[in-house]
Structures are given as structure tokens and as C-alpha cells.
Amino acid sequence: MKIARFSTGGDPRYGIVDGDELVVLSGDPMYSGFDTTGERVPLESARLLAPVIPRSKVVCVGMNYPEHRAELAYEGPSTPLIFLKPNTAIIGPGESIQIPPVEGRIVHEGELAVVIGRIAKQVKAADYADYVFGYTIANDVSARDQMFADGQWARAKGYDTFCPIGPFIETELDPSNQEIQTYVDGEPRRAGNTADMLHKVPELIEFISGVWTLLPGDLILTGTPAGLGGFTDGSTVDITISGIGTLSNPARFRDKPAE
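Numbering (numbering that gives the first Met the number 0), first residue to last: 0 to 258.
Written as C-alpha cells, this is what we have:
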């Protein structure tokens, strides 16, 4: 099922997507289960929010698709390349990616994101599904030239708004074979399939939970396929993953007033 976090003008609420309506839940389903209130809200009258706010961290996986490694001439180790984004980088569908005043390219990276559903520490790959609440779409936005200038990725990937997620969490997705497509202003830019990932979701959860304890609501971004990644002020980035939907975010310069 698809789970939305949404607002109709008050505090955030949660709902199950049922056609063009939201079946309102009594609380956050990650902690409160799927009890419903009896209320239904039309999707068109709800403002979709980031479907989860990680309690502690966003874990990203770099260079997890062979063609992406090749296009960047990456020759690193065979183990997963992992790094962190702060949870303050999270924004939801329709919110603006704010481009900071830095030199060089700002790049989109459309990715399948795993939503952790329970405390995960030293999980075996065979047991991975017991720790997954669901899956959503993420955009690992990066100041690409800053990455190379700094020699590490924390600043270039950690700016506020540099981790759009949404629009929903799909709790019943098979992560092993899903198409990922990214568009900028309707132009195809990146395309791939999760079947091509070098390190699959079970392996990633085993590897990462052996490094950091994962908490409910934490995210794992599983890497981006190859493709052209630049965008700028006024662009709109759309990322579609089969089985989940489309995450859409406009971009604007950080100091430019909202229209």
C-alpha cells in the first residue's frame, strides 16, 4: 500500500492512498499501526509532505551502478561506498531545491530509497525485509564541482533541501526490479533499473547496519543510474520509479524570493 504524509492546513497527518483519496490514519503508521479514523480526504485538496523525517540520518550509497562508475571513471573498492546526509536536507514533493551560491554544477541523482521500520543492527542480508517499512523516491542533489574541490562529499551533498523525497512510501514494493527515470523540464536525463545495482538492498542493509545502527525512519539511498545530471534556477526535476510514482521538485537560487 502507499502511505502519504500530508497536511490540509493543520498538523501533518498520515493516510493510505486509495484511488484519488486518502484514508486518514490515527497516527504515524510506523509506530501506531494502520488504524483508520473513518475520514477520507481528496488527494487534490491535500498538500503532500516528505513522507518521513529521518530520526537520525540519511545513508547514501555512491557508485552503485556500473555505468555510473564508468562515466565518472571511478576505481574505488568493491565494497559499498557509503556516506551521510543530514536530516535537515529533507524536503517533500513540490518544495523548492534551493541552489546555494557556489561555483559549478548542481546535479540531480534519482534513487530508490529504503525506509527503515525498526532498530537495525548487524542485520543479516537474509533477514533484511524484517527491517524495511517501505520504499520511496529520493533525489541525492549534489554540488558536483564542490565534491571534487573538497576531496570529500559532506558539504557538497549536505546543503538544506538537497534531499527531496516522496511522494509516497510504498510498503509492498519489490526493490530488485524497478525502473528509475529522471527528467529535467520534461527532457530525459537518467534511466536505469534497480536490477543493475552492484550491491542489492539486502546486502546494503547488512553492510550499513554493521557500521551504524539504523533507527526507525532512517533512509538508505541506494545509488543513481548513469546519465546527464545538471539543472539550474527555474528547472523542474521529475523522478519516476515504477510502483511508487513521481517525485517532482522545482529549483531556484537560494536567495531568490519565492514567487
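All C-beta atoms in this analysis are idealised placements derived from N, C-alpha and C, irrespective of residue type, glycine included.
Whose C-beta lies closer than 8 Å to the C-beta of residue i among residues of the same chain, with five residues either side of it excluded?
i, result
"S175", "T193, A194, K199, V200"
"T35", "I15, V22, V23, L24, S25"
"I81", "V58, C59, V60, G61, F206, I207, V210"
Quick one: give me the first and last residue of the beta strand (DSSP E) that residue i is part of.
i, result
"Q180", "178 to 183"
"E171", "Unbroken run through E171: none, as it is neither H nor E."
Looking at residue j and residue i, is the spacing between their C-beta atoms short of 8 Å?
i, j, result
"P92", "L220", "no"
"S95", "L48", "no"
"V57", "K84", "yes"
"L111", "I179", "yes"
"T160", "I90", "yes"
"V101", "Q145", "yes"
"T231", "R189", "no"
"E137", "Y130", "In the sequence on display, residue 137 carries Ala and not Glu. Not a contact, by the Cβ cut-off of 8 Å."
Once the 5 residues before and after residue i are set aside, which same chain residues still bring their CB inside 6 Å of it?
i, result
"G216", "V51, P53, R54"
Considering just the uninterrupted stretch of the alpha helix (DSSP H) at residue i, what are its terminal residues?
i, result
"V140", "Run containing V140: none; DSSP gives neither H nor E here."
"L220", "Premise fails: L220 lies in the beta strand (DSSP E), 218 to 220, not in any alpha helix (DSSP H)."
Report the residue from the options whose alpha carbon sits nearest the alpha carbon of residue i.
i, options, result
"L172", "T160, V57, G209, V114", "V114"
"V236", "R189, V183, L227", "V183"
"P163", "E169, S141, R154, A153", "S141"
"T78", "A225, E202, F252, L218", "E202"
Based on DSSP bridge pairs, tell me the residues matched to residue i.
i, result
"F230", "I105"
"E280", "Absent from the structure is residue 280, since the part of the chain shown begins at 0 and ends at 258."
"E110", "A137"
Between residue i and chain B, is there a C-beta pair that is closer than 8 Å?
i, result
"F161", "No chain B appears in the structure shown, which is made up of a single protein chain."
Near residue i, what residues of its chain come up, given a Cβ to Cβ distance below 7 Å and the 5 sequence neighbours on each side ignored?
i, result
"Q151", "none"
"K123", "E205"
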